[in-house]
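2 protein chains.
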Amino acid sequence: MTRPSREALVAQESALAAQYDAYRGKGLALDMTRGKPSASQLSLSDALDGVLAGNYKAADGTDTRNYGGLEGLPEARDLFAGLLQVEPSEVLIGGNASLTLMHTSALFAWLYGPAGAGSAWRNEADIKFLCPVPGYDRHFAICEDLGIQMIPVAMNSEGPDMDEVERLLTADASIKGMWCVPRFSNPSGIVYSDAVVDRIAQLGKIAAPNFRVFWDNAYAVHALHRDAPALASIMEACREHGTADSVLVFGSTSKITFAGAGLAFMGASKANLAVITRHLGKTTIGPDKVNQLRHTRFLKDAEGLLTHMDGHAKLLGPRFDAVLATLDREIAGTGMGTWTKPEGGYFVSFDTLPGLATDVVALSAAAGVKLTPAGATWPYGKDPDNRNIRLAPSFPTPADIQAAMDVFVCCVKLATVRSWLAEG
Amino acid sequence: MTRPSREALVAQESALAAQYDAYRGKGLALDMTRGKPSASQLSLSDALDGVLAGNYKAADGTDTRNYGGLEGLPEARDLFAGLLQVEPSEVLIGGNASLTLMHTSALFAWLYGPAGAGSAWRNEADIKFLCPVPGYDRHFAICEDLGIQMIPVAMNSEGPDMDEVERLLTADASIKGMWCVPRFSNPSGIVYSDAVVDRIAQLGKIAAPNFRVFWDNAYAVHALHRDAPALASIMEACREHGTADSVLVFGSTSKITFAGAGLAFMGASKANLAVITRHLGKTTIGPDKVNQLRHTRFLKDAEGLLTHMDGHAKLLGPRFDAVLATLDREIAGTGMGTWTKPEGGYFVSFDTLPGLATDVVALSAAAGVKLTPAGATWPYGKDPDNRNIRLAPSFPTPADIQAAMDVFVCCVKLATVRSWLAEG
Numbered sequence: 010m011t012r013p014s015r016e017a018l019v020a021q022e023s024a025l026a027a028q029y030d031a032y033r034g035k036g037l038a039l040d041m042t043r044g045k046p047s048a049s050q051l052s053l054s055d056a057l058d059g060v061l062a063g064n065y066k067a068a069d070g071t072d073t074r075n076y077g078g079l080e081g082l083p084e085a086r087d088l089f090a091g092l093l094q095v096e097p098s099e100v101l102i103g104g105n106a107s108l109t110l111m112h113t114s115a116l117f118a119w120l121y122g123p124a125g126a127g128s129a130w131r132n133e134a135d136i137k138f139l140c141p142v143p144g145y146d147r148h149f150a151i152c153e154d155l156g157i158q159m160i161p162v163a164m165n166s167e168g169p170d171m172d173e174v175e176r177l178l179t180a181d182a183s184i185k186g187m188w189c190v191p192r193f194s195n196p197s198g199i200v201y202s203d204a205v206v207d208r209i210a211q212l213g214k215i216a217a218p219n220f221r222v223f224w225d226n227a228y229a230v231h232a233l234h235r236d237a238p239a240l241a242s243i244m245e246a247c248r249e250h251g252t253a254d255s256v257l258v259f260g261s262t263s264k265i266t267f268a269g270a271g272l273a274f275m276g277a278s279k280a281n282l283a284v285i286t287r288h289l290g291k292t293t294i295g296p297d298k299v300n301q302l303r304h305t306r307f308l309k310d311a312e313g314l315l316t317h318m319d320g321h322a323k324l325l326g327p328r329f330d331a332v333l334a335t336l337d338r339e340i341a342g343t344g345m346g347t348w349t350k351p352e353g354g355y356f357v358s359f360d361t362l363p364g365l366a367t368d369v370v371a372l373s374a375a376a377g378v379k380l381t382p383a384g385a386t387w388p389y390g391k392d393p394d395n396r397n398i399r400l401a402p403s404f405p406t407p408a409d410i411q412a413a414m415d416v417f418v419c420c421v422k423l424a425t426v427r428s429w430l431a432e433g
Numbered sequence: 010m011t012r013p014s015r016e017a018l019v020a021q022e023s024a025l026a027a028q029y030d031a032y033r034g035k036g037l038a039l040d041m042t043r044g045k046p047s048a049s050q051l052s053l054s055d056a057l058d059g060v061l062a063g064n065y066k067a068a069d070g071t072d073t074r075n076y077g078g079l080e081g082l083p084e085a086r087d088l089f090a091g092l093l094q095v096e097p098s099e100v101l102i103g104g105n106a107s108l109t110l111m112h113t114s115a116l117f118a119w120l121y122g123p124a125g126a127g128s129a130w131r132n133e134a135d136i137k138f139l140c141p142v143p144g145y146d147r148h149f150a151i152c153e154d155l156g157i158q159m160i161p162v163a164m165n166s167e168g169p170d171m172d173e174v175e176r177l178l179t180a181d182a183s184i185k186g187m188w189c190v191p192r193f194s195n196p197s198g199i200v201y202s203d204a205v206v207d208r209i210a211q212l213g214k215i216a217a218p219n220f221r222v223f224w225d226n227a228y229a230v231h232a233l234h235r236d237a238p239a240l241a242s243i244m245e246a247c248r249e250h251g252t253a254d255s256v257l258v259f260g261s262t263s264k265i266t267f268a269g270a271g272l273a274f275m276g277a278s279k280a281n282l283a284v285i286t287r288h289l290g291k292t293t294i295g296p297d298k299v300n301q302l303r304h305t306r307f308l309k310d311a312e313g314l315l316t317h318m319d320g321h322a323k324l325l326g327p328r329f330d331a332v333l334a335t336l337d338r339e340i341a342g343t344g345m346g347t348w349t350k351p352e353g354g355y356f357v358s359f360d361t362l363p364g365l366a367t368d369v370v371a372l373s374a375a376a377g378v379k380l381t382p383a384g385a386t387w388p389y390g391k392d393p394d395n396r397n398i399r400l401a402p403s404f405p406t407p408a409d410i411q412a413a414m415d416v417f418v419c420c421v422k423l424a425t426v427r428s429w430l431a432e433g
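Residue numbers (the numbering used here), protein chains in the order written: chain H, 10 to 433; chain Z, 10 to 433.
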C-alpha cells in the first residue's frame with residue numbers, strides 16, 4: 010500500500026472533516042465501552058425467576074434456602090466442572106461475580122499465601138504479574154489495588170508469547186502470577202493454541218511454589234458458532250505435568266444468564282481449594298444456593314447450556330458482523346489499522362497506527378460514540394504505542410452498532426490522514 | 010439457697026446418672042448449635058422465587074439483570090435504611106452475607122485504611138478490638154484471621170460495660186474496633202439501652218480517627234413480640250456527637266427471608282462509604298440486583314417487613330418458651346445456673362457454675378444433644394470461667410427442643426452435683 014500524495018491527503022482530510030462534522034451534527038449518544046449483554050440476550054434467561062416452582066430442595070435433599078454449603082451444590086459443581094474443564098470435586102461456586110473470586114484468590118495469596126503457611130506474597134519484597142496485552146482492565150485493577158507490579162507480555166495469534174513468558178519467569182522469582190483469558194481473549198478474541206496451553210501448564214515447573222496462573226475462562230462457551238476453535242484443558246495438562254497447584258481457573262454465567270445475577274465459579278486442585286475455603290469460611294457461611302439451584306434447573310446439563318449459548322450467538326453474530334463488515338469495507342487496504350476477527354467472546358481489538366488511539370477515541374466521543382478509553386487494555390492504562398482500541402458490540406442494537414461504526418471508521422481515517430499530513 | 014447435704018447429693022447423683030443413662034439409651038440426635046431458621050420459617054418466604062413475574066425492571070428503570078449498581082437499587086436502599094436506622098444514601102447493599110460485608114470492612118481497614126490514605130491498620134504495630142462477651146464466634150474468627158488481638162469486655166443488662174470500654178480506649182490507642190450486636194445480642198439477647206448507645210456514639214471523640222465500631226444489627230427486627238425493647242439509632246446519636254465516621258452498621262435478611270439467599274447490607278457515613286466502594290469496585294461490578302428487586306417486591310415496605318416478622322415470631326415463640334419453661338422448672342432456685350430471657354434474637358445464654366460448661370456440653374453430646382462448643386462465645390474460644398453455653402432453639406421442632414432441653418437440664422444437674430461432691 011502506498012501512502013496517497015499530499016494533495017490527495019488534503020482533499021481526503023477536507024472530505025472526512027465534512028463527514029465528521031455531519032456525524033457530530035446528528036447528536037448521537039452511542040456506547041461501545043463495555044462487554045455488557047444486550048436486553049435481548051438477558052431475556053433468554055427470564056425463566057430463571059420462578060423456575061423452582063416452590064421446590065427449593067437440591068438433588069441430595071439440601072434445603073437451598075438455609076445456611077451452608079461453602080463449596081456449592083453438587084449439581085452446580087457437576088455442571089460447571091465441564092465448562093471449567095476440571096473435576097466436579099475441584100469446583101467452588103461463588104457469588105455473582107468471578108471478579109470477586111479472582112480478587113479473593115489474589116488477596117488471600119498475598120495475605121495468607123496460595124500454598125499455605127510461609128507462602129504469603131506479602132512476605133516478599135516485590136510481587137509481579139505477567140499481563141498478556143492487550144488484556145482486561147479489571148484484571149489490572151486487582152493488581153494495582155494490591156500493589157502488584159505488572160509486566161506486559163505480547164500476545165500473538167496463538168496466545169501469549171511463551172518464549173518471553175518462560176524467559177521472564179526463569180529470570181525473576183518475584184513473578185507470582187499471570188493473567189490469561191484463554192478462549193476468545195479480552196479483547197483480541199484469540200483462542201490459545203494447544204501448544205500454548207501445554208507450555209503454560211509447564212510453568213509450574215520453573216516458577217516458585219507460590220506462583221499461580223489466573224486462568225479467566227470468561228468466554229469458555231461463548232462462541233459465535235459451534236465449530237469455533239476449542240480450548241485444551243489447562244487442568245488436564247497440568248495434571249500430566251504434575252503442576253495442578255499452579256493454576257486457578259475461573260468462569261461465570263454472567264454472559265450466559267444474567268450479567269449481574271448469575272453464578273461465578275472457580276476450579277482448583279484440592280490443595281488450592283483447601284487453602285482458599287479455609288479463609289473463605291471466615292467471610293461467609295456459604296454462597297446463594299437458591300440461585301445455584303435455579304441455574305441447574307434452568308440450564309439442565311452441558312448440552313442444555315450449549316443450546317442456550319446458541320441463542321446468544323444468534324444475537325451476537327449480526328453485531329460482530331456489523332463491526333467487521335464496516336472495518337473490511339472502510340479500513341481494509343488503507344494501511345490505517347489492523348483488527349482481529351474473533352469467533353466468539355465480546356470484543357474486537359483494533360490497532361490504529363502508532364500514536365493515534367487517543368485521538369480516535371476523543372474524536373469518536375466528541376461525535377457521540379463512547380469507546381473504551383485508549384490504554385485501558387494495558388497495565389496502568391498505558392499503551393506504549395497508543396494504538397489499541399477495544400470495540401464492544403454486544404450491548405447496542407445492530408442499527409446502533411452500524412451508526413457507531415460509521416463514526417468510528419470516519420474518526421480512524423480522519424486521525425490517520427491528519428497524522429500523515431502532520432508528518433509532512 | 011443452701012447446698013444439699015452430702016448424703017442428699019449422693020442420692021441425687023445416682024438418680025441423675027440413671028436418668029442420664031436412660032436419655033443416652035434413646036439414641037437421640039438433636040442439634041442446638043447454630044442460629045439457623047427452621048424450614049417453617051424459610052417457607053414464609055417461598056414466594057420470593059417467581060415474585061418478579063417476568064418484570065426485572067427496578068422503579069427507576071434499571072434492568073436488574075445486567076451489570077452495575079455497586080451501592081444497590083434505590084428501593085432496596087430505601088427499605089433497609091429503616092432497618093439499619095440510617096439514611097438511604099448511607100446504605101450499601103451487598104451479597105447474601107453480612108459476614109462478608111463485615112469481613113470486607115475489617116480487611117479493607119487493615120489493608121487500605123478506614124479513613125483513606127495513611128489510616129491502614131497494618132501500618133501500626135498492634136491492632137486490637139474490644140469484644141463484649143459472651144459474643145459471636147464468627148466476629149472473633151474475622152479478628153483471628155486478620156491477626157487482630159481481642160480484648161473481652163463484660164456485658165451487663167444494658168449492654169457492654171461502658172466504663173471499662175472508655176477506660177480501655179483512653180489507655181490504648183491500638184484499639185481500632187469494637188464488635189456490637191446491639192439488639193437481642195448474640196447470645197445474651199440483651200438490648201443495648203439508650204444510654205449505652207449514646208456512650209458508644211461518643212467513643213469516636215476519644216478514639217483514634219481510624220477506630221470503627223462494628224455495629225452488627227443482625228436481629229434489628231427479630232423480636233418475639235411487637236412491644237419488645239427498641240434500640241436507639243447509633244447513626245443518629247453519632248451525627249449529634251459529630252462522630253458519624255466512627256461506626257459501621259450491618260444487617261441482613263438472612264433471618265428475615267432465606268438464610269443463604271437473602272440480602273446483606275451496611276450503613277455508613279458518606280465518607281466511609283466512599284472509602285469502601287472505592288476498593289469494593291475492584292472486586293465486583295455490582296451485587297445481585299435481581300435478588301434485591303425480589304426482596305423489595307416481596308417485603309414491600311417497613312410495615313410489610315414487620316408483618317412478615319410477626320410470622321417468624323409465631324414460630325420462634327414456642328421454641329423459646331420450651332427452653333425457658335424447662336430452665337424455670339428444672340434449674341430455677343437450684344443455684345446450678347443462670348440464664349437470659351430474651352425478647353427476640355436467636356439465642357438463650359446459659360451460665361453454669363464456674364468450670365462446668367465443658368462438662369455439660371460433653372455430657373449432652375454423649376447423649377445425642379449437640380450444643381455450641383463451650384468457649385465459643387469468647388475470643389479464641391476461651392471462656393476463662395468455663396461457664397457460658399449458647400442455646401440455639403430456632404432450628405429444631407418444639408418437640409425436639411423439649412427433648413433436647415430435658416437432656417440439657419439433666420446434664421447441668423449431673424455436672425453440678427458431681428462437682429459439689431468432688432469439692433467434698
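From the three backbone atoms N, C-alpha and C, an ideal C-beta is built for every residue, glycine too.
- At the C-beta level, Val418/H and Ala376/H stay beyond 7 angstroms of one another.
- Around the beta carbon of Leu430/Z, fewer than 16 other beta carbons sit within 10 angstroms, so the residue counts as exposed.
- Identification of residues in the region 256-289 of chain Z having a C-beta nearer than 8 angstroms to some C-beta of chain H yields Ser263, Phe267, Ala268, Gly269, Ala270, His288, given in sequence order.
- With its beta carbon less than 7 angstroms from one in chain Z, Gly63/H belongs to the interface.
- Contact between Asp225/Z and Val190/Z holds: their C-beta atoms lie close to 5 angstroms from each other, under 8 angstroms.
- Taking 9 angstroms as the upper bound on Cβ-Cβ separation, chain H lies near residues Asp72, Thr73, Arg74, Asn75, Tyr76, Gly77, Gly78 of the region 72-88 of chain Z.
- Interface with chain H (7 angstroms Cβ-Cβ cutoff): Thr292/Z is included.
- Counting only residues of its own chain and dropping the five nearest sequence neighbours on each side, Met414/Z has a CB closer than 7 angstroms to the CB of Ala331, Val332, Thr335.
- Every beta strand (DSSP E) stretch that sits fully inside the region 374-419 of chain H and reaches 3 residues is listed by chain position as 378-380, 397-400.
- The residue from Val299/Z, Met345/Z, Ser52/Z with its alpha-carbon nearest to that of Lys422/Z is Met345/Z.
- In chain order, Gly269 make up the part of chain Z whose C-beta sits under 7 angstroms from the C-beta of Gly295/H.
- Chain-ordered, the chain Z residues with CB closer than 8 angstroms to the CB of Thr109/H read Thr292, Thr293.
- Pairing Ala67/Z with Leu302/Z gives a Cβ-Cβ distance under 7 angstroms.
- For Lys309/Z, the nearest beta carbon of chain H is not closer than 7 angstroms to its own beta carbon.
- Contact between Leu372/H and Thr42/H fails: their C-beta atoms lie close to 15 angstroms from each other, not under 8 angstroms.
- Fully enclosed beta strand (DSSP E) runs of no fewer than 3 residues occupy 100-102, 137-142 of the region 95-160 of chain Z, in order along the chain.
- Of all residues in the region 181-211 of chain H, none has a C-beta nearer than 7 angstroms to a C-beta of chain Z.
- At a cut-off of 7 angstroms, the C-beta of Ala106/Z has a neighbouring C-beta in chain H.
- Bridge partners of Pro169/Z according to DSSP: Met164/Z.
- The alpha-carbon separation between Ala217/Z and Gly77/H amounts to approximately 37 angstroms.
- For Ser52/H, the secondary structure class from DSSP, reduced to helix, strand or coil, is helix.
- For secondary structure counted as the alpha helix (DSSP H) over 4 or more consecutive residues, the region 269-349 of chain Z holds these complete runs in sequence order: 279-292, 298-308, 311-339.
- Chain H places no beta carbon closer than 7 angstroms to that of Val174/Z, leaving this residue out of the contacts.
- Between the beta-carbon of Gly276/Z and that of Val95/Z there is about 3 angstroms, and that keeps the pair under the 8 angstroms contact cut.
- Cβ-Cβ distances below 8 angstroms link Thr179/Z to Ile215 in the same chain, with the five nearest sequence neighbours on each side left out; the list follows chain order.
- Boundaries for Lys45/H: no beta strand (DSSP E) harbours it, and the DSSP string shows neither H nor E there.
- Contact annotation: Ser52/H and Phe259/H have beta-carbon atoms that are not nearer than 7 angstroms.
- Counting other Cβ atoms within 10 Å of its Cβ, Lys279/H stays below 16 and is therefore classed as exposed.
- Under the 8 angstroms Cβ criterion, the region 352-364 of chain Z counts as touching the region 195-203 of chain Z, having at least three qualifying pairs.
- With its beta carbon at least 7 angstroms from every one in chain H, Ala115/Z lies outside the interface.
- Contact annotation for Gly433/H against chain Z: no contact, minimum CB-CB distance about 45 angstroms [criterion: below 9 angstroms].
- Looking at Gly271/Z, Asp236/Z, Val206/Z, Leu233/Z, the one whose alpha-carbon comes closest to that of Ser242/Z is Val206/Z.
- Taking Gly364/H as the centre and dropping the five residues before and after it, the same chain places the C-beta of Asp394, Asn395, Arg396, Ser428 closer than 8 angstroms to its C-beta, in chain order.
- Counting along the chain, Arg15/H sits inside the alpha helix (DSSP H) bounded by residues 15-34.
- Judged by their CB atoms, Met159/Z and Pro351/Z are not nearer to each other than the 7 angstroms cut-off.
- From the beta-carbon of Ala48/H, the residues of chain Z found nearer than 9 angstroms are Asp72, Arg74, Asn75.
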